[in-house]
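So the sequence lines, in the order shown, correspond to chains A and B. Positions 11 to 336 (the numbering used here) are the ones given, in order, by the first sequence. Positions 124 to 411 (the numbering used here) are the ones given, in order, by the second sequence.
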Amino acid sequence: MRLDSPRTWSRGLLGLLLAGLLLLPLVTPRFYPYLAMQVLILSLMALGFNLLFGYTGLLSFGHAAFYAAGAYGTGLLLKHTGVSLLPAVLGGAVAATLLAVVIGCFCVRHLAIYFAMLTLAFGMMIHSVVWKWRDVTGGDDGLIGIPRAALALPGLGSVPMADQTAYYYFVLAVSLAAIVALRRVVRSPFGMVLQAIRENEERAAFAGFTVWRYRLGAFVLSGAYAGLAGAMLAPLENTVAPGVAHWTKSAEPVLATLLGGPYVFSGPIVGSVLFLLLKEAVVRVTQYWLLVFGVVLLALVLGFRGGFVGALVAWGRRLGRGLGPG
Amino acid sequence: MIEALLFQGLVGLSEAMYLWMVAAGLSLIFGVLRVLNFAHGSFYMLGAYLTLTALRAFGGNFWLALAALPGICVIAWGMERFFLRHVYHLEVAYQLLLTFAFVLIFDDLTRLVWGPVYQAPPTPRGLDRAVSVLGRPFPLYNLFILGVGVALGVGLWLLLERTRWGRLIRAAAMDREMASALGIRVPRLYTAVFVLGALLAGLGGALSLPIHAVSPGMGELIIIEAFIVVVVGGLGSLTGAFLSALLIGLLHAYGIVFLPVFEMALAFILMAVVLILRPWGLFGVREG
């Protein structure tokens, strides 16, 4: 083990972070594990968004549609069937994935400008469906009284989830598994092709890759992650309101990703922490938090396109150059 | 029966004019600046709110209140001159993100300044009666809106095709660098086109005041519809924007009579069909 290797340091930091997350409900009041779950849920949504934006070069303003599909899918499963927690959450994610296949087919074949516009339009279509389809979604009242079903573990019995701490460990386990899986995806040949498409679509096409198929693949996976995020929200809050499908919800992964930095894998996670902390602070002063984030987004686009992690990396490099020879 | 259908169609066409004014500006700005302005719905909303404020200041005279519209020009000028201009050289995604930031800002600023109120002033005097069309009473104001929409269409066509300024705009839209090399002041032209586009949307918002209630969410609703219009008509084509706005107006007017449950979905279905059969839009140019 070499103490001067950055790899050792980052592994150590990750270990500390993980230990902190595991101990969180034991040493802090209820509010902090709750906030941590919000961070994890937004992280999944933002990571999914960034698979499209940072890795594939496609900007989506409609991820709330998939988030809502996950939330309502899981909510309906828990309310009307007796399934256990994990199948309900996965069921919500599957619903979002199917929706992403349909919407994706319309969006990925077009120019970048069309893509952003179409995702926003389809996203708001889902919002109006949720709003109007009262019999199923509860309309503007939303779905209320969603039970937090017990987690059935085959051969081990079932774990009750009514307690927030138990549910916290469930969200933590699912999120970490999903994050590790996505990290493998972006480093796989599939992930490399996505980045090649982002850098130069024509060259990727000439190299023999069917660009729209890879884009659709990224879109569906991205929707699945947003869906999984929404799916874990429903049992957490016990209610789902149509606001989860609104375009302002689609803005959250956009803001989180740009805050953290779109060109590093961990950017959206760091950004989600910053976003929710900043939002907590702003909401205490004013209800107009979108105004504040609009100004922040302006500043990010005009001056800090690498986000927080990007700035950190650049700073580290400059420091390294300053210390190194020459 | 036929008369009832024609009458309903006329209602749809007059409603389509607001959509046309927003889509015209959106399409014009995209055609020249190559920037898709997500905040264009906000100009529609700001046009309505500014006029509403002026209406109170001028004792309820609607025509005097329209004098507030230059306010839109100032806002649009500031947005292009100090922000948008600095991202033309960046990737498309960052231009979209910048205009999206303005959606967030304008939306909350409107809530902050005017409050979450739903307000509708009375129809302006002189236009607050009905005329007989096909044997039924038809609001004169709607006929007026139809006239304004068509006049704006003709005016825009004349401006772009028959004036020197229009030639310069078309030149800059075709090849920015060449236009610049020939001595056209392209940055100033861009600002002017952006302001003109914003003014069209603001005018639409102001004229919608007597018919539609004002609310902070009106900008989002109209921008989604305007997106559908430009996708169906072809991004950057003014003729396409005009005809597809009419088409969507008719679709809404008849949809609400025959398929009230699906009325909202009809425009989306039309967009989906166009995307499958003719992705570059009915009047657009195939790219690539």
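Beta carbons: idealized from backbone N, C-alpha and C, even for Gly. As the structure is a prediction and not an experimental result, all values here were calculated from the model.
Asked	Found
Whose Cβ in chain B lies nearer than 7 Å to the Cβ of A:PHE303?	LEU227
Would you mind reading off the limits of the alpha helix (DSSP H) that contains B:PHE225?	215-237
Does any C-beta atom of chain B lie closer than 7 Å to the C-beta of A:MET55?	no
Measuring CA to CA, which of A:VAL311, A:LEU192, A:SER276 is closest to B:ALA224?	A:VAL311
Are A:GLY72 and B:LEU227 touching if we call contact CB-CB under 7 Å?	no
Can you give me the C-alpha to C-alpha distance between A:PRO263 and B:HIS163, rounded to a whole angstrom?	22 Å
Using only CA atoms, which one of B:ARG204, B:LEU169, B:LEU156 lies nearest to A:ILE123?	B:LEU156
For chain A, find out if any of its Cβ atoms is closer than 7 Å to the Cβ of B:MET168; answer yes or no.	no
Once the 5 residues before and after A:GLY334 are set aside, which same chain residues still bring their CB inside 6 Å of it?	Model confidence at A:GLY334 stands at a pLDDT of 48, short of 50, so the residue's coordinates are unreliable and nothing is read from them.
With burial defined as no fewer than 16 other Cβ atoms inside 10 Å of the residue's Cβ, what is the status of B:PHE381: buried or exposed?	exposed
Straight-line CA distance for B:GLY258 to B:ASN265?	16 Å
With B:GLY154 and B:GLY359 assumed to form a contact (beta carbons below 8 Å), what rounded beta-carbon distance in angstroms separates them?	4 Å
Beta-carbon of A:TYR298 versus every beta-carbon of chain B: anything under 7 Å?	yes
Closer than 8 Å, Cβ to any Cβ of chain B: which residues of the segment 273-294 of chain A, in chain order?	none
Going by alpha carbons, who is nearest to A:ALA46 out of A:VAL140, A:LEU86, A:PHE180?	A:PHE180
Only counting the same chain, and skipping five residues up and downstream in sequence, which positions put a Cβ closer than 6 Å to that of A:VAL283?	VAL49
Should B:PRO247 and B:PHE181 be called a contact, given that it needs their Cβ atoms to be closer than 7 Å?	no
Under 7 Å Cβ-Cβ, which residues of chain B neighbour A:PHE116?	ALA395, LEU398
Within 7 Å of any Cβ in chain A, is that where the Cβ of B:ILE389 sits?	The sequence as given places Leu at residue 389 of chain B; Ile does not occur at that position. It does not; no Cβ of chain A falls within 7 Å.
Whose C-alpha, out of A:GLY201, A:GLY320, A:THR175, A:PHE216, is nearest the C-alpha of A:ARG40?	A:THR175
Taking 7 Å as the threshold (beta carbon to beta carbon), is A:ILE207 in contact with chain B?	no
Rounded to the nearest angstrom, what separates B:ALA147 and B:LEU369 at their Cα positions?	12 Å
Assess contact between the segment 229-240 of chain B and the segment 308-327 of chain A, defined as three or more Cβ pairs (one per stretch) separated by less than 8 Å. Is contact present?	no
Can we say the segment 103-110 of chain A touches the segment 248-264 of chain A, given the rule of at least three CB pairs closer than 8 Å?	no
Hey, could you find the ends of the alpha helix (DSSP H) A:ALA188 is sitting in?	174-197
Answer yes or no: does any C-beta atom of chain A fall closer than 7 Å to that of B:ALA253?	no
Alpha carbon to alpha carbon, what distance is there between B:PHE205 and A:TYR77?	35 Å
Have a look at A:TYR65, A:MET55, A:GLY30 and flag the residue whose alpha-carbon is nearest the alpha-carbon of A:PRO199.	A:TYR65
Please return the same chain residues whose Cβ sits closer than 8 Å to the Cβ of A:VAL230, not counting the five positions on each side in sequence.	THR107, ALA110, VAL111, GLY114
Check whether the Cβ of A:SER138 lies closer than 7 Å to any Cβ atom in chain B.	yes
Among A:THR84, A:GLY80, A:LEU87, A:VAL190, which residue has its Cα nearest to the Cα of A:ILE136?	A:GLY80
Confirm the yes/no value for this check: CB of A:LEU166, any heavy atom of the ligand ADP, distance under 6 Å.	The ligand content of the structure shown is nil, which means the ligand ADP is not present either.
Would B:LEU382 pass as an interface residue toward chain A - the criterion being a Cβ-Cβ separation below 7 Å?	no
Within 10 angstroms of the Cβ of A:GLY22, are there 16 or more other Cβ atoms? Answer buried if so, exposed if not.	exposed
Listed from N- to C-terminal order along the chain, which residues in the segment 312-323 of chain A have their beta-carbon within a distance smaller than 8 Å of any beta-carbon of chain B?	LEU312, ARG315
According to DSSP, is A:GLY336 part of a helix, a strand, or is it coil?	Summary for A:GLY336: the model assigns pLDDT 39, below 50, so the residue's position carries little reliability; its value from the coordinates is reported in the next sentence. If DSSP states are grouped into helix, strand and coil, A:GLY336 belongs with coil.
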